[in-house]
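What follows is a set of notes on a single structure, which appears directly below.
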Amino acid sequence: MELPHPRTCPAKGAQAASPRPPWAVGTLVAAGLLLTGAALLHLGMVFFSLAPHNAVTARHRAAVDAYVQPEFGQDWKLFAPNPLQRDEAVGVRLRTDGGAGDGEVSEWVNLTAEDIEAITGNPAPSHVH
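Residue 117 in UniProt numbering is what sits at position 117 of the sequence shown, and the numbering runs on without skipping anything.
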């Protein structure tokens, strides 16, 4: 007596696998096409937002910007969160109160000038770390 192969012999109490419903294959194909299309659209929009000026980017600039700018917008704040744009300075002076009530007031110190002097020419200034 020849025994059936273990892979073809169903386990005791197990039911045979039902075939896939006919709509399942179509649904999987449609979902795959939709995801592929969305990925290609996303890659195309990001590509055209970063590409040099050309006929396609000129014609579709509004649509590309509307898609890209809310999430992937780039500006100089990425590299310099608060760049110097005006001639402003922070100055400080110190007032000490002596024990006998004879306090002293120091001269003004321009902290902005000291900071600019410290970071000028330094590729990794201390306040970046």
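No residue lacks a Cβ here, since even glycine has one placed at the ideal position from N, Cα and C.
In this text, all values refer to a predicted model and were calculated from it rather than measured experimentally.
The C-alpha of residue 32 lies about 18 Å from the C-alpha of residue 21.
In the DSSP assignment, residue 43 falls within the unbroken alpha helix (DSSP H) covering 22-50. DSSP places residue 89 in no alpha helix (DSSP H); its state is neither H nor E. Contact check for residue 122 against residue 89 fails: the beta carbons are separated by 8 Å or more. In this model, residue 54 and residue 24 are separated by some 43 Å (Cα to Cα).
In the three-state reduction of the DSSP assignment, residue 107 falls in the coil class.
In the DSSP assignment, residue 55 falls within the alpha helix (DSSP H) that extends over 55-59.
About 12 Å separates the Cβ atoms of residue 95 and residue 108, ruling out a contact at the 8 Å cut-off.
Between residue 97 and residue 91, the C-beta spacing is not below 8 Å. DSSP lists 104 as the beta-bridge partner residues of residue 96.
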